[in-house]
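Novice: Residue numbers (our numbering), protein chains in the order written: chain B, 42 to 377; chain R, 42 to 377.
Note that the Cβ used here is the ideal one computed from N, Cα and C, for glycine as well.
Computed from a predicted model, the values in this text were never measured in an experiment.
(1) From the DSSP output, in three-state form, read off residue 68 of chain B for me.
(2) Would you please verify whether the beta carbon of residue 302 of chain B is less than 9 Å from any beta carbon of chain R?
(3) Could you name the residues of chain B that residue 285 of chain R contacts, counting a contact when the two beta carbons are closer than 7 Å?
(4) Around the Cβ of residue 92 of chain R, are there at least 16 other Cβ atoms within 10 angstroms (buried) or fewer (exposed)?
(5) Please classify residue 345 of chain B: does DSSP put it in a helix, a strand, or coil?
(6) Along the chain, where does the beta strand (DSSP E) containing residue 49 of chain B start, and where does it finish?
(7) Taking all protein chains shown into account, do 16 or more other C-beta atoms lie within 10 angstroms of the C-beta of residue 254 of chain R, making it buried, or fewer, making it exposed?
(8) Here's the rule: buried if 16 or more other CB atoms are within 10 angstroms of the residue's CB, otherwise exposed. What is residue 44 of chain B?
(9) Using a beta-carbon distance below 9 Å, is residue 319 of chain R in contact with chain B?
(10) Between the Cα of residue 151 of chain R and those of R/141, R/128 and R/162, spot the shortest distance and give me the residue it belongs to.
(11) What residues in the region 99-114 of chain R bring their beta carbon closer than 8 Å to a beta carbon of chain B?
(12) Report the option in R/242, R/90 and R/305 whose CA atom is closest to the CA atom of residue 278 of chain R.
(13) With a 10 Å radius around its C-beta and 16 neighbouring C-beta atoms as the bar for buried, classify residue 250 of chain B as buried or exposed.
(14) Have a look at R/367, R/262, R/312 and R/194 and flag the residue whose alpha-carbon is nearest the alpha-carbon of residue 341 of chain R.
(15) What distance in whole Å lies between the Cβ atoms of residue 194 of chain B and residue 369 of chain B, which are believed to be in contact at a cut-off of 8 Å?
(16) Taking 9 Å as the CB-CB limit, is residue 310 of chain B close to chain R?
(17) Please report the straight-line C-alpha distance between residue 108 of chain R and residue 206 of chain B, rounded to a whole angstrom.
(18) Return the bridge partner residues of residue 148 of chain B from the DSSP annotation.
(19) What's the C-alpha gap between residue 337 of chain B and residue 217 of chain R?
(20) Going by other Cβ atoms of all chains shown within 10 Å of its Cβ, with 16 needed for buried, is residue 42 of chain B buried or exposed?
(21) Relative to the C-alpha of residue 377 of chain R, which residue among R/132, R/115 and R/110 is closest?
(22) Can you check which of these residues, R/323, R/352 and R/350, is closest to residue 167 of chain R by C-alpha distance?
(23) Taking DSSP as the reference, what is the three-state secondary structure of residue 256 of chain R?
(24) Comparing alpha-carbon positions, which option in B/187, B/136 and B/82 lies nearest residue 105 of chain B?
(25) Which residues share a DSSP beta bridge with residue 399 of chain B?
(26) In the structure shown, what three-state DSSP assignment does residue 196 of chain B receive?
(27) Is there a C-beta anywhere in chain B that falls below 9 Å from the one on residue 129 of chain R?
(28) Suppose the cutoff is 8 Å on Cβ atoms and the five residues either side in sequence are ignored; what does the same chain contact list for residue 186 of chain B look like?
(29) Just checking my contact of residue 175 of chain B with residue 329 of chain B at CB under 8 Å: how many whole Å lie between their CB atoms?
(30) If you measure beta-carbon to beta-carbon, which residues of the region 255-270 of chain B are closer than 7 Å to chain R?
(31) Could you tell me which chain R residues have their CB closer than 7 Å to the CB of residue 289 of chain B, listed as they occur along the chain?
(32) At 7 Å on the CB atoms, spell out the chain D contacts of residue 299 of chain B, in chain order.
(33) Tell me which same chain residues have a C-beta within less than 6 Å of the C-beta of residue 244 of chain R, skipping the five on either side of it?
(34) Name the two residues that bound the continuous beta strand (DSSP E) containing residue 368 of chain B.
(35) Examine chain B for any beta-carbon lying closer than 9 Å to the beta-carbon of residue 314 of chain R, and answer yes or no.
(36) Is it true that the CB of residue 170 of chain R sits closer than 9 Å to the CB of residue 307 of chain B?
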C-alpha cells in the first residue's frame, strides 16, 4: 500500500497578510525509513505568529526556503521508528511541519507525557505557548505582589496565560485585546482585573483609567503604537518581557516605531527579548507548575481548532486579522 | 559688603537647540544663611545632555520651573556654613546650578576627596560622568573578554570613558563620533580599535567592516537612526545599556524611532536604561577603580573648559552641535 504525504510548501514570500498563493499544496509518496528516522502521523499543528517571521527572515532559525514544507510545531503519533529514542505508538511533539506525516530524525522532538489533560490541550497549556508565558513573565517580568501587569494580545494563547499567571502572583492585570468578546472572556472567565478593547477605546486614556498606579510590567506581544502607549504609563524600574511584535509582522511599509524610547532611560526600564527554546533546561519546572495551577482551577486555556490540513493557510490568517482567541490549532488527523 | 549672586534662569522652554533667549541673566543680593544652609562659591559647572531634558520634561527629577535658576551639577568651595556636615573651605560637589554662589541646605552634596588629580578632573573621571560609564558598561553591559563593544557619542565625556573601560575588560571597542579629529583622538590616544565618523561614512557599512563578529554590547548615547543601525549588527543575547538618546533631545518633530525593534526579540537583546544616582551606594567602588585605572595610565579624559558663567548658554549648545569633545565644563571662579 502506498501512503501519500500531503503538505503545504512555501510558494512565495508573503507581502502583508499571507495569502493562499503564498502556499502550494503538494502530495508525495512516503519513502521507507532510513536508519535513525521516525515516521509520525501528525495530529495537531500549532499555528503561531512567529511562523510569519520564519517565512521572510533569518532569525534564531533560518527562514523557510521556497519550495520547502512550511515549518510549524505540533503533536503526532509515532507510526514507525528506526530511532531507539522513539517507539511506535509514542505521542511526540516537535517541528512536525505543515504536512500529514513527518519523516525524519525527530531532532528536538520529545514525548508528550500522559498527564490527564486532552491531547490538544498540551498546546494550550504547555509546549512553547505555556513555557513562553511562564518564563517571559516570571523570569524577565519578575512580578511582585501588588504590581500592575499589562498584557497585549491578551486573548491570544500566550497572553491569556501570562495574564492568569500574573493574577496567581498577586498582580493587578490589565489586558489589551481587539474585541468586546475577547475582553469579556479575559475578565469574566480568566479573572483579569480589566480589559481594553483597543479598537474602540483610546488606549492612552484607558491605560490611565485602568492603571491608576502606573504599569510595572508590560508583557509585549504587539509592538509599535501599543508599545508607545504603554511606555508612557510605565513606572520607574519597570520590566518589558518582549515576546512578540505581531502588529508589525505583516507590514509592507517600515514599522511605525514608538517615538518615546527615551522613557527606557529616564524610567530605567528593562526591555528584554526572549525565545522559549533558551529555557529548555527548565521546561520540566514550568510544566509542573502550569499543570498544578490548571488542576487547581487557576489557569484556563481556550483552543481554536480548525479541521483538516487543507485549512492551515486560511486558519493562519486568523492570527493577524483579530479573529483568533486562545490557542490556534489545525487538526490533521484523529487523536487515536 | 554686599555680595551679588549672578545666575542664569530658565526664561522659556526651548524648542530645538536651546537659544540665548531661553535663558535670562539675573543678579541678586546674597541673603544671610539660615540654620542648616551652606554658601558655596561655584568653581566648575558641569554641562550635560541630560540638562536639556530637564528643561522641558518631568523625569526622574521635576523639570526646571520657568524663572528658576537653571539646574546643573558642579564643584565649588564652601565659603560659609551653618550645616554641621560641611565646613568653610570644604570642596564639594552637587547641584550647584547655573550661578556664581549656591545657597541652600546642600542636599545631595558631597565632599570632593583629595586624590591628587586636578579639581576639574573630578568631573572628567569621577562624578556622574565616570560613574555613569562605569556602572552602565559593567553592570548592564557585563562585558566579557573578546566581545565587541560599540559606543556612540564616543568622544563625549561618558562615551570616551566607557570605551576605555571596555578595552580594560578585553573587548574590541568601536566608537561612533562626528568628526575625523574625534575619531583620531579615540583611536590614537584612547586605544579604541576603530572609529566611525557617522557624518562621512555609511554607518551600516562601517559597522559591518569594523565589527566582523557582530556587536555584543552597544553603549547607547544617541538613539534613533544610530540605534537602528547597531540593532542590525547585534549578536544574540547582546546588551544595550541605555545611557542617553542625545540625537532626539532637540527635536521639534517626533523622534524618528528605529523601525527594527523586533531584533530585541529574535536576538534576545536586553536594553536597559539607568540613571547614575541609582548606584549611589556603590560610588566608592567606582571611584577607587577609576582612579586606579587612571593612575595606571589606562584611563584618560579630556576637558573642554569654557571661561565665565556668562558663557554657559553658548557652551551648552556645543553638546548638541557636535563641537564638544570630552567633558564640557564652565569655569565660574578660580580654583583657589
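Specialist: Taking the structure as given:
(1) Here the question's residue 68 of chain B lines up with position 27 in the first chain. Strand at residue 68 of chain B.
(2) Residue numbering aside, residue 302 of chain B sits at position 261 when the first chain is read from its first letter. Yes, contact with chain R.
(3) In the second chain, the residue the question calls residue 285 of chain R occupies position 244. Within 7 Å Cβ-Cβ: 306.
(4) Taking the first residue of the second chain as position 1, residue 92 of chain R is located at position 51. Residue 92 of chain R is buried by the Cβ-count criterion.
(5) Indexing the first chain from 1 puts residue 345 of chain B at position 304. Three-state DSSP puts residue 345 of chain B in a strand.
(6) By one-based count along the first chain, residue 49 of chain B stands at place 8. 45-51 is the extent of the beta strand (DSSP E) around residue 49 of chain B.
(7) Sequence index remark: in the second chain, residue 254 of chain R carries index 213 (1-based). Classification for residue 254 of chain R: exposed.
(8) Residue mapping note: residue 44 of chain B aligns to position 3 of the first chain, counting from 1. A residue is called buried once 16 or more other Cβ atoms fall within 10 Å of its Cβ, and residue 44 of chain B, having fewer, is exposed.
(9) The residue you call residue 319 of chain R lines up with position 278 of the second chain. Yes, residue 319 of chain R lies at the interface with chain B (some Cβ there is under 9 Å from its Cβ).
(10) In the second chain, the residue the question calls residue 151 of chain R occupies position 110. The candidate whose alpha carbon is nearest that of residue 151 of chain R is R/128.
(11) 100 and 101
(12) In the second chain, the residue the question calls residue 278 of chain R occupies position 237. Comparing Cα positions, the closest option is R/305.
(13) As a working mapping, residue 250 of chain B is identified with position 209 in the first chain. Looking at its Cβ environment, which holds fewer than 16 other Cβ atoms inside 10 Å, residue 250 of chain B is exposed.
(14) Indexing the second chain from 1 puts residue 341 of chain R at position 300. Nearest C-alpha to residue 341 of chain R: R/367.
(15) One-based indexing of the first chain puts residue 369 of chain B at position 328. One-based indexing of the first chain puts residue 194 of chain B at position 153. With a beta-carbon spacing of about 12 Å, residue 369 of chain B and residue 194 of chain B fall beyond the 8 Å limit used to define contacts.
(16) The residue given as residue 310 of chain B occupies position 269 in the first chain. Output row for residue 310 of chain B: interface = yes.
(17) As a working mapping, residue 108 of chain R is identified with position 67 in the second chain. As a working mapping, residue 206 of chain B is identified with position 165 in the first chain. About 49 Å.
(18) Here residue 148 of chain B refers to the residue found at position 107 of the first chain. In DSSP, residue 148 of chain B forms no bridge with anything.
(19) Position 296 of the first chain, counted from the start, is the residue given in the question as residue 337 of chain B. Position 176 of the second chain, counted from the start, is the residue given in the question as residue 217 of chain R. As the crow flies, the alpha-carbon of residue 337 of chain B is around 55 Å from that of residue 217 of chain R.
(20) Taking the first chain and counting its residues from 1, the one referred to as residue 42 of chain B is at position 1. Exposed.
(21) Along the second chain, one-based indexing puts residue 377 of chain R at 336. The shortest Cα separation from residue 377 of chain R among R/132, R/115 and R/110 belongs to R/132.
(22) The residue you call residue 167 of chain R lines up with position 126 of the second chain. Nearest of R/323, R/352 and R/350 to residue 167 of chain R, Cα basis: R/323.
(23) Counted from its first residue, the second chain places residue 256 of chain R at position 215. Strand.
(24) As a first step, residue 105 of chain B must be located in the first chain, where it is residue number 64. The shortest C-alpha separation from residue 105 of chain B is found at B/136.
(25) The structure shown does not extend to residue 399 of chain B, since chain B is modelled only from 42 to 377, so the question has no answer here.
(26) Locating residue 196 of chain B in the first chain gives position 155, counting from the first residue. Here residue 196 of chain B sits in coil by DSSP.
(27) Against the second chain, residue 129 of chain R aligns to sequence position 88. No - not a single Cβ of chain B is within 9 Å of the one on residue 129 of chain R.
(28) The residue you call residue 186 of chain B lines up with position 145 of the first chain. The residues are 210, 211 and 212.
(29) In the first chain, counting from the first residue as 1, residue 175 of chain B sits at position 134. In the first chain, counting from the first residue as 1, residue 329 of chain B sits at position 288. With a Cβ gap of about 11 Å, residue 175 of chain B and residue 329 of chain B do not count as contacting.
(30) 264
(31) Here residue 289 of chain B corresponds to residue number 248 of the first chain, with the count starting at 1. By Cβ distance, chain R contributes 303.
(32) The structure shown contains no chain D; its protein chains are B and R.
(33) Locating residue 244 of chain R in the second chain gives position 203, where the first residue counts as 1. Taken in chain order, the residues that qualify are 270.
(34) For the purposes of this step, residue 368 of chain B is taken as the residue at position 327 of the first chain. First-last of the beta strand (DSSP E) with residue 368 of chain B: 368-372.
(35) If you number the second chain from 1, residue 314 of chain R lands on position 273. So, interface residue.
(36) Here residue 307 of chain B refers to the residue found at position 266 of the first chain. Here residue 170 of chain R refers to the residue found at position 129 of the second chain. Their beta carbons are not under 9 Å apart, which means residue 307 of chain B does not touch residue 170 of chain R by this criterion.
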